[in-house]
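Peer 1: Sequential numbering of the sequence shown, starting at 40, is according to this note's numbering.
Yeah, the Cβ is synthetic: ideal placement off N, Cα and C, and Gly gets one too.
Predicted, not measured: the structure shown is a model, and the values here were computed from it.
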Amino acid sequence: MTLYALTIFTSAFLLFLVQPIIAKQILPWFGGSAAVWATCLVFFQFLLLFGYAYTDWTTRKLKARTQITLHIALLALSLASLPIIPDAGWKPQGDDDPTWGILGLLAATIGLPYFLLATTGPLVQAWFARTFPAGTVYRLFALSNFGSLLALIAYPFAVEPWVTGPQQSYGWTAAYVLFVLLCSGAALYSVRHQVRYASAASAVAAANDGPAPKVKDYLLWLTLSAMGSFMLLGVTNHITHDVASVPFLWILPLTLYLVTFILCFEGRGWYQRHIFLGPLLVVVAAMAWALHADGGIMDIKEAIPLYAVGLFVCCMFFHGELANMKPAPRYLTTFYLMVSLGGALGGLAIGFVAPKFFNSYYEFGIGLVITLGLAAYLTRRMPVLVPLFALGTAGFTAYNVYEYVDLLSRDARVMVRNFYGTLRVKDAAGDNGDDGVRRLMHGVIMHGEQYLAPAKRAEPTTYYGPAAGVGRIIKASLGAPVRIGVVGLGAGTLAAYGRPGDVYRFYEINPQVVQIARSEFSFLGASGAQTETVLGDARLNMEREAPQAYDVLVIDAFSSDSIPVHLITREAMAVYLKHIKPGGVIAFHVTNRFLRLAPVVKQIADIYQLHTALVVDEAEDTDFSKTDWVLVTRDQALLERKDIAGATAEILDIPGLRPWTDDYNNLFRILK
Numbered sequence: 040m041t042l043y044a045l046t047i048f049t050s051a052f053l054l055f056l057v058q059p060i061i062a063k064q065i066l067p068w069f070g071g072s073a074a075v076w077a078t079c080l081v082f083f084q085f086l087l088l089f090g091y092a093y094t095d096w097t098t099r100k101l102k103a104r105t106q107i108t109l110h111i112a113l114l115a116l117s118l119a120s121l122p123i124i125p126d127a128g129w130k131p132q133g134d135d136d137p138t139w140g141i142l143g144l145l146a147a148t149i150g151l152p153y154f155l156l157a158t159t160g161p162l163v164q165a166w167f168a169r170t171f172p173a174g175t176v177y178r179l180f181a182l183s184n185f186g187s188l189l190a191l192i193a194y195p196f197a198v199e200p201w202v203t204g205p206q207q208s209y210g211w212t213a214a215y216v217l218f219v220l221l222c223s224g225a226a227l228y229s230v231r232h233q234v235r236y237a238s239a240a241s242a243v244a245a246a247n248d249g250p251a252p253k254v255k256d257y258l259l260w261l262t263l264s265a266m267g268s269f270m271l272l273g274v275t276n277h278i279t280h281d282v283a284s285v286p287f288l289w290i291l292p293l294t295l296y297l298v299t300f301i302l303c304f305e306g307r308g309w310y311q312r313h314i315f316l317g318p319l320l321v322v323v324a325a326m327a328w329a330l331h332a333d334g335g336i337m338d339i340k341e342a343i344p345l346y347a348v349g350l351f352v353c354c355m356f357f358h359g360e361l362a363n364m365k366p367a368p369r370y371l372t373t374f375y376l377m378v379s380l381g382g383a384l385g386g387l388a389i390g391f392v393a394p395k396f397f398n399s400y401y402e403f404g405i406g407l408v409i410t411l412g413l414a415a416y417l418t419r420r421m422p423v424l425v426p427l428f429a430l431g432t433a434g435f436t437a438y439n440v441y442e443y444v445d446l447l448s449r450d451a452r453v454m455v456r457n458f459y460g461t462l463r464v465k466d467a468a469g470d471n472g473d474d475g476v477r478r479l480m481h482g483v484i485m486h487g488e489q490y491l492a493p494a495k496r497a498e499p500t501t502y503y504g505p506a507a508g509v510g511r512i513i514k515a516s517l518g519a520p521v522r523i524g525v526v527g528l529g530a531g532t533l534a535a536y537g538r539p540g541d542v543y544r545f546y547e548i549n550p551q552v553v554q555i556a557r558s559e560f561s562f563l564g565a566s567g568a569q570t571e572t573v574l575g576d577a578r579l580n581m582e583r584e585a586p587q588a589y590d591v592l593v594i595d596a597f598s599s600d601s602i603p604v605h606l607i608t609r610e611a612m613a614v615y616l617k618h619i620k621p622g623g624v625i626a627f628h629v630t631n632r633f634l635r636l637a638p639v640v641k642q643i644a645d646i647y648q649l650h651t652a653l654v655v656d657e658a659e660d661t662d663f664s665k666t667d668w669v670l671v672t673r674d675q676a677l678l679e680r681k682d683i684a685g686a687t688a689e690i691l692d693i694p695g696l697r698p699w700t701d702d703y704n705n706l707f708r709i710l711k
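#1: For the putative contact between A568 and G518, defined by C-beta atoms under 8 Å, what is the C-beta separation to the nearest angstrom?
#2: If P698 and I646 are in contact, beta carbons under 8 Å, what's the gap, nearest whole angstrom?
#3: Given that a residue counts as buried once 16 or more other Cβ atoms are within 10 Å of its Cβ, and exposed if not, what is W668?
#4: Put R632 into one of helix, strand or coil per three-state DSSP.
#5: Could you give the distance in angstroms between the alpha-carbon of D701 and the alpha-carbon of G143?
#6: Run through the DSSP bridge pairs and tell me what H481 is partnered with.
#7: Just grab the DSSP bridge partners of G204 for me.
#8: Between V476, H481, G460 and Y400, which lies nearest to Y443 when the distance is taken from Cα to Cα?
#9: Thinking C-alpha only, which one of R635, H481, C354 and Y177 is nearest P694?
#10: Can you round the beta-carbon distance between L42 and G224 to whole angstroms, since I take them to be within the 8 Å contact cut?
#11: Can you confirm whether V282, when its beta carbon is compared against all beta carbons of chain C, has any partner nearer than 8 Å?
#12: What's the gap between the Cα of P131 and the Cα of A451?
#13: In whole angstroms, what is the alpha-carbon distance linking M377 and C353?
#14: Between the Cα of S50 and those of G160, P122, P59 and H280, spot the shortest distance and give me the residue it belongs to.
#15: Nearest CA to the CA of Q64: which residue from I123, T78 and T170?
#16: According to DSSP, is Y177 helix, strand or coil?
#17: Might you give, ordered along the chain, the residues of its own chain that have their beta carbon closer than 7 Å to the beta carbon of Q551, omitting 5 neighbours on each side?
#18: Do A165 and G249 have their CB atoms nearer than 8 Å?
#19: For Y346, I'd like the list of residues in its chain whose CB is within less than 6 Å of its CB, leaving aside the five on either flank, ordered along the chain.
#20: Would you say the region 521-538 touches the region 506-513, given that touching needs at least three Cβ pairs under 8 Å?
#21: Going by DSSP, which residues form a beta bridge with D656?
#22: Would I709 be called buried (16 or more neighbouring beta carbons within 10 Å of its own) or exposed?
#23: State the Cα-Cα distance for the pair A62 and D660, rounded to the nearest angstrom.
#24: Do T687 and V654 count as a contact pair if the criterion is CB distance below 8 Å?
#25: Run the CB neighbour count on R169, radius 10 Å, all protein chains shown included, and call it buried at 16 or more, exposed below.
#26: State the beta-bridge partners of G524 as determined by DSSP.
#27: Just to confirm the assignment, what range does the alpha helix (DSSP H) spanning A556 have?
#28: Determine the direct distance from the alpha carbon of T501 to that of S664, and round the result to whole angstroms.
#29: Assuming G381 contacts L272 (C-beta within less than 8 Å), just tell me the rounded distance between them.
#30: Considering only residues of the region 326-396, which uninterrupted alpha helix (DSSP H) runs meet the minimum length of 4 residues and lie entirely inside it, listed in chain order?
#31: Let me check understanding here. Comparing Cα to Cα, which of P638, K681, T630 and P59 lies closest to A658?
#32: I want to know whether the region 403-419 touches the region 300-320 - three or more CB-CB distances under 8 Å.
#33: Excluding the 5 residues preceding and the 5 following T418 in the sequence, name in chain order all residues of the same chain whose CB lies nearer than 8 Å to its CB.
#34: Does DSSP put F627 in a helix, a strand or coil?
#35: Could you tell me which residues DSSP pairs with R463 in its beta bridges?
#36: Measuring only the C-alpha atoms, how far is S238 from A214?
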């Protein structure tokens with residue numbers, strides 16, 4: 040039992056750990072965008088599915104010795120792909136869609152090892168069931184999820200803060216070699232001992248050999264597992280985009296999701312329908328009501344506990360019902376195949392289908408209604424009031440979801456969605472006729488604002504006022520026509536500073552932001568300067584471009600929790616320095632409610648012997664926003680000018696902080 044348990048635990052731990060390790064290594068190559076992460080996720084999900092399909096097919100079609108011989112051969116072959124360090128030859132060379140390049144890189148680097156790790160959970164459980172027919176095989180599934188949970192928590196808090204990228208790869212490689220030995224040992228033990236125990240356990244095996252699953256069972260396995268994945272991603276998107284943009288918040292829902300798998304398959308009956316059904320109806324209705332209550336704005340201290348409890352109860356229902364429907368051990372590989380397929384379908388529905396058809400995160404509300412419909416179906420043989428009450432609650436939930444959709448779209452001039460999230464443009468009235476503004480929102484983060492009154496429409500707003508660091512340095516650079524580079528377009532506010540002869544060149548990764556900046560805001564069109572937009576990841580584009588000789592290069596991409604760390608590393612600074620004049624300035628916008636980014640910038644600047652100044656604008660008694668900007672330059676005299684030096688503050692060091700590179704960064708260390 041111990042050998043099987045160690046093999047399954049190790050495989051699950053490595054399976055979850057390798058995902059952030061490899062994804063972080065390739066982000067600087069392909070751009071730190073949501074599309075890169077989404078492509079990685081698709082690769083991992085489908086390779087997991089293929090692994091489960093391999094396990095199911097070989098278990099049903101091959102003799103035990105043949106299956107084990109094949110698997111050990113594949114394990115040995117997988118060692119040839121180690122260590123898991125991407126070959127530089129996979130770096131993109133042009134502007135082509137990187138999707139196939141990413142998939143090819145992942146397949147070449149970790150394809151076979153990941154595939155074999157994906158097979159291990161159901162495959163070793165099948166070996167265990169053949170060797171110990173009287174054993175509680177499904178408890179190993181709970182152990183597998185515990186290994187995944189441990190890896191999930193370990194990476195951001197114990198691995199990433201202390202270990203560089205190459206060290207992570209070599210450490211994972213060593214652990215994978217250990218896994219190959221464990222898995223091979225479990226395979227050999229299984230084939231040598233299953234015959235010995237067969238006669239003694241034949242009666243138990245016969246008792247455990249239940250009826251073959253029906254089509255209805257397959258559909259329910261698929262639906263329940265898909266809904267668990269669907270609600271996990273639905274809740275994650277909602278709380279991270281529409282409730283609070285807080286670092287590491289995504290870990291909470293995924294942790295709860297895995298915990299429910301552990302509890303439901305651990306074997307001690309943690310899930311009881313009659314206990315969880317009532318809380319399920321109540322908490323789903325409460326979440327639906329919270330979507331639009333108080334104008335859709337709920338205090339974070341109330342919202343996070345509500346959605347966390349709600350997701351936990353929903354997933355206990357999905358996974359508890361799934362555990363109650365698990366088949367006899369002889370069908371477990373097919374069961375796990377359907378569970379994996381359902382999880383992949385739920386992820387695809389959220390990650391790829393919903394952005395194509397919805398202009399906001401409506402799928403969370405839809406998932407709430409489906410959850411109650413599923414509850415009504417599964418309780419149809421209980422006393423009639425139970426399914427009727429579930430249907431009634433579903434109706435209440437559907438009404439609240441409709442109100443939520445109406446609330447989002449009621450006053451929105453534009454509302455669009457793609458891989459990078461949702462964007463909304465809304466007009467807000469001011470205290471008098473001159474204070475009305477138009478705002479560009481990305482979830483709960485404002486990315487731009489413009490006055491509606493014609494007399495004030497050309498004025499800079501929010502983080503870009505004359506007293507902000509970027510406003511001061513642009514004014515200090517005025518004289519002859521200037522070249523300004525800006526990473527992050529938003530509404531195009533900085534173009535308000537443009538004069539005839541100036542060039543403002545904006546780098547923006549989201550094509551919908553470019554469309555909105557030109558159609559809904561007039562900063563770009565009305566600027567006196569020549570304005571240019573470069574679509575795609577800013578760092579990749581600047582690596583390919585000839586030196587642009589910028590007087591000021593503005594790096595404005597760090598306002599949310601999901602900061603593109605590849606834009607704030609030692610290697611990124613080298614790219615920026617290539618594009619500024621000898622006396623030019625790099626202005627980092629480091630305003631952030633949760634992260635202390637100024638010390639990170641200073642450490643990187645110190646490597647290149649650059650001068651830095653933190654300009655703080657409290658924006659008191661003004662319509663501007665409080666801002667922090669770090670100015671980086673080779674020209675110390677520029678930072679000593681009275682209009683800049685008089686607004687600076689000391690950059691406080693963070694004990695133990697190391698310079699960020701493409702191989703190492705540590706968000707946990709810079710949390711406020």
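Peer 2: According to the structure data:
#1: The C-beta separation of A568 from G518 comes to about 14 Å, leaving the pair out of contact by the 8 Å criterion.
#2: With a contact defined as Cβ atoms closer than 8 Å, P698 and I646 qualify at about 6 Å.
#3: Buried, because 16 or more other Cβ atoms sit within 10 Å of the Cβ of W668.
#4: DSSP places R632 outside both helix and strand once states are collapsed to three, so it counts as coil.
#5: The straight-line gap separating the alpha-carbon atoms of D701 and G143 is approximately 21 Å.
#6: DSSP links H481 through a beta bridge to I484.
#7: In the DSSP output, where bridge partners are listed per residue, G204 has none listed.
#8: With distances taken between Cα atoms, Y443 lies closest to Y400.
#9: The shortest Cα separation from P694 among R635, H481, C354 and Y177 belongs to R635.
#10: Under the criterion of beta carbons closer than 8 Å, L42 and G224 qualify as touching, at roughly 6 Å.
#11: Absence of chain C from the displayed structure is noted, only one protein chain being present.
#12: The straight-line gap separating the alpha-carbon atoms of P131 and A451 is approximately 38 Å.
#13: Distance between M377 and C353, taken at the CA atoms: about 19 Å.
#14: For S50, the nearest C-alpha among the options comes from G160.
#15: Nearest of I123, T78 and T170 to Q64, Cα basis: I123.
#16: Of the three classes helix, strand and coil, the one that applies to Y177 here is coil, per DSSP.
#17: Close CB contacts of Q551 within its chain, under the 7 Å cut and outside five residues either way in sequence, are with V455, N457 and L462 (chain order).
#18: Result no, Cβ atoms of A165 and G249 do not sit closer than 8 Å.
#19: Excluding the 5 residues flanking it on each side, Y346 has same chain C-beta neighbours closer than 6 Å at V274 and I278, in chain order.
#20: Between the region 521-538 and the region 506-513, the count of C-beta pairs closer than 8 Å reaches three or more; the two stretches touch.
#21: Answer is T666, bridged to D656.
#22: Burial check for I709: the Cβ neighbour count within 10 Å reaches 16 or more, so the residue is buried.
#23: Approximately 45 Å, taken between the alpha carbons.
#24: It is a contact, given that the beta carbons lie within the stated cut-off.
#25: By the neighbour-count criterion, in which 16 or more other beta carbons inside 10 Å mark a residue as buried, R169 falls on the buried side.
#26: Beta-bridge pairing links G524 to R544 and L592.
#27: Per DSSP, A556 is one residue of the alpha helix (DSSP H) stretching across P550 to S558.
#28: Going by the C-alpha atoms only, they are around 5 Å apart.
#29: No, G381 and L272 are not in contact; Cβ-Cβ is about 13 Å, not under 8 Å.
#30: Within the region 326-396, complete alpha helix (DSSP H) segments of at least 4 residues are found at 339-363, 371-387 and 393-396, given in chain order.
#31: Of all alpha-carbon atoms in P638, K681, T630 and P59, the one lying nearest the alpha-carbon of A658 is that of T630.
#32: As far as the Cβ criterion goes, the region 403-419 touches the region 300-320, which means the pair count is three or higher.
#33: Its chain contains R312, L316, V425, P426 and A429 as the residues whose beta carbon lies nearer than 8 Å to that of T418, once the 5 sequence neighbours on both sides are disregarded; these appear in chain order.
#34: Strand, per DSSP.
#35: DSSP lists M454 and M480 as the beta-bridge partner residues of R463.
#36: With a pLDDT of only 49 at S238, under the threshold of 50, the placement of this residue in the model should not be trusted; the figure read from the coordinates follows. Spanning the two alpha carbons is a distance of roughly 37 Å.
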